[in-house]
Each structure stands twice: as C-alpha cells, then as structure tokens.
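Engineer: One rule links them: number in our numbering = place in the sequence shown (from 1) + 587. Backbone N, C-alpha and C define an ideal beta-carbon position, used for all residues, glycine too. Keep in mind that this is a model prediction, so the values were computed, not measured. Let me give you the structure first, and then I'll get to my questions.
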Amino acid sequence: MRSSVFKLAVAEPSDIIRNGLAVLLKRMPGNRISLVEIPDMARLHERLKAERPDLLLVNPAMLGCFTLDRLKEECGCASMKCVALLCSASVPALTKPYDEIVHLYDDELQIRHKLSHCFESAGEEGGDTPCTDEAQCLSSREKEIVICVVKGLTNKEIAEKLYLSTHTVITHRRNIARKLQIHSASGLTIYAIVNKLVELDDIKDI
C-alpha cells in the first residue's frame, strides 16, 4: 500500500472490540490512519457528517432499518467505503452492500489484508487520470470483478459470488473502465490475459 492518510471510523458500542481494533489498526504498515471512534450508535449520523471518513467499519446489525446507500446519502459520504464487522454468523444478504467483511475471529494478518483493499480502492478513486501502469492499476477487488466478467458472469452473478450488491459491482465496473479506458468485455479479456489474471482455459469465448 502506498503511504497516505486515511480517515477510518469504527462504529462499535463494545469498548473491548472497538479499542482492540483501534490498537490493531494503528499498527497497520504503509498507511497513516486518522482513527475516529464512534461508541454511541445514536450519534452515528452526526459523527459521519462531521468527520466524513474514507472508510467506515460497522456491525450491519447496528444500522437498524437504515441501508448503506441511505446512510451515505444522508451523511454526505457518497464515496465512503464500508466494511461489515461481524461478531456472529450473518446471512449473506445482510453483508452484500459492503465493500469487505471483517469477522471478529479474523487474525491480524487477515484484517490487514482485507482493509488494505479498501484503502487502496479509496485512494485510487480520488482522481480521474487513466492509469498508466496497468499491471498495478486495479485494486484486488476490481481484479476479481474483471476475472468474473471475462468468465462470462453477469453483474447479478458477480454480486452473488463476491457477496456485494449489484449496485456496487456496477460502480466497480465503471471505475475499471475509467482506469483502463477499456469499455468492452473483449477488451477486458485481452487485459486479463496479458496481465495473467486468467488462463485461456478459463475463458468461455474469446
């Protein structure tokens, strides 16, 4: 990850969980993190409006009837990445809209790896200049989506496979097209082959 400052909000009422995450996050290499702790879920909207974090780490159950899209809209945080913090088993539909999922029992390396994707993606979406180094241009999540597209999956199928919302998949595909200046499945197929994201045997039709 490149050295950048990211504002990360942890919305979690449990002091033990929230403080433990804070210690771990402050040790993450490669990024300087400005950490915002939100222990009072009743003040979540207020704090998000005031802080405008790059990334929100929150238990989906804590949001109640609010959807992520509604939360982002009302708080003025349209580009904010959202990571689901799961403290127990959860149905896939509840976590589909999230950019990533962190489980309470993930070890430090797993949490670093998952959040690094979100930091990378948040940083890349900050500008509109096409990427010149194609091999390093896309985030890990975007590369996963390219692979799915090349294999012939629809947006809905990609969403189900990666536990994302269809809206999030479409947003990722727009970002991929902007970065690579590639606007067709055949073009993405060539990109995936050249950058060794897929093997020829993985592709249905070229």
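1. Does the contact criterion of 3 or more C-beta pairs under 8 Å hold for the stretch 592 to 609 versus the stretch 621 to 632?
2. Just to confirm before moving on: does the CB-CB distance between I734 and L784 stay below 8 Å?
3. Which parts of the stretch 591 to 676 are runs of the alpha helix (DSSP H), unbroken and 4 residues or longer, counting only runs that do not cross its ends?
4. Just curious, the beta strand (DSSP E) that V689 is in, first and last residue?
5. Out of T755, N742, L650, L702, state which residue places its alpha-carbon closest to the alpha-carbon of V666.
6. Going by C-alpha to C-alpha distance, which of L749, L681, L622, L642 sits closest to G651?
7. Is the CB-CB distance between D693 and C705 below 8 Å?
8. Let me know if H770 comes out buried or exposed under the rule of 16 or more other beta-carbons within 10 Å of its beta-carbon.
9. In chain order, what residues of the same chain lie with their CB nearer than 7 Å to the CB of E786, ignoring the 5 residues before and after it?
10. With C-beta atoms as the reference, is L622 less than 8 Å away from A637?
11. I need the DSSP call for T755, collapsed to helix, strand or coil.
12. Please work out which residues of its chain come closer than 8 Å, Cβ to Cβ, to N646, disregarding the five sequence neighbours upstream and downstream, and give them in chain order.
13. Indicate the three-state DSSP secondary structure (helix, strand or coil) for G739 in the structure shown.
14. Checking 8 Å against the spacing of the C-beta atoms, do A746 and T753 come in under that value?
15. Would you kindly check if the distance between the Cβ of K683 and the Cβ of Y750 is under 8 Å?
16. Express the C-alpha separation of Y778 and D641 in angstroms, rounding to a whole number.
17. So what does DSSP say about S727, is it helix, strand or coil?
18. Taking the CB atoms as reference points, tell me whether R761 and I732 lie closer together than 8 Å.
19. May I ask which residues mark the beginning and end of the alpha helix (DSSP H) holding S771?
20. Have a look at K794 and V737 and give me their C-alpha separation to the nearest angstrom.
21. Is L612 near I620, with beta carbons less than 8 Å apart?
Structural biologist: If we stick to the structure as given:
1. Yes, the stretch 592 to 609 touches the stretch 621 to 632.
2. In this structure, L784 lies closer than 8 Å to I734 by Cβ.
3. Entirely contained in the stretch 591 to 676, the alpha helix (DSSP H) runs reaching 4 residues are, in chain order, 602 to 613, 631 to 638, 655 to 662.
4. Secondary structure note for V689: its beta strand (DSSP E) is the uninterrupted segment 687 to 690.
5. Checking the displayed sequence, the identity of residue 666 turns out to be Ser instead of Val. Closest in C-alpha terms to S666, from the list T755, N742, L650, L702, comes T755.
6. Nearest of L749, L681, L622, L642 to G651, Cα basis: L681.
7. Contact check for D693 against C705 fails: the beta carbons are separated by 8 Å or more.
8. H770 comes out exposed.
9. Excluding sequence neighbours, E786 sits near nothing in its chain.
10. No. Outside cutoff.
11. In the structure shown, T755 sits in a helix (DSSP, three-state: H, G or I).
12. Closer than 8 Å at the Cβ level, and outside the excluded window around N646, lie A598, E599, A671, L672, L673, C674.
13. Under the three-state reduction of DSSP output, G739 falls in the coil class, being neither helix nor strand.
14. Yes. Within cutoff.
15. Contact flag set, yes.
16. If you take the alpha carbons of D641 and Y778, they lie about 29 Å apart.
17. Helix, per DSSP.
18. In this structure, I732 does not lie closer than 8 Å to R761 by Cβ.
19. Here S771 belongs to no alpha helix (DSSP H), and DSSP marks it neither H nor E.
20. Residue 794 is absent from the structure shown; the chain starts at 588 and stops at 793.
21. Yes, they are a contact pair.
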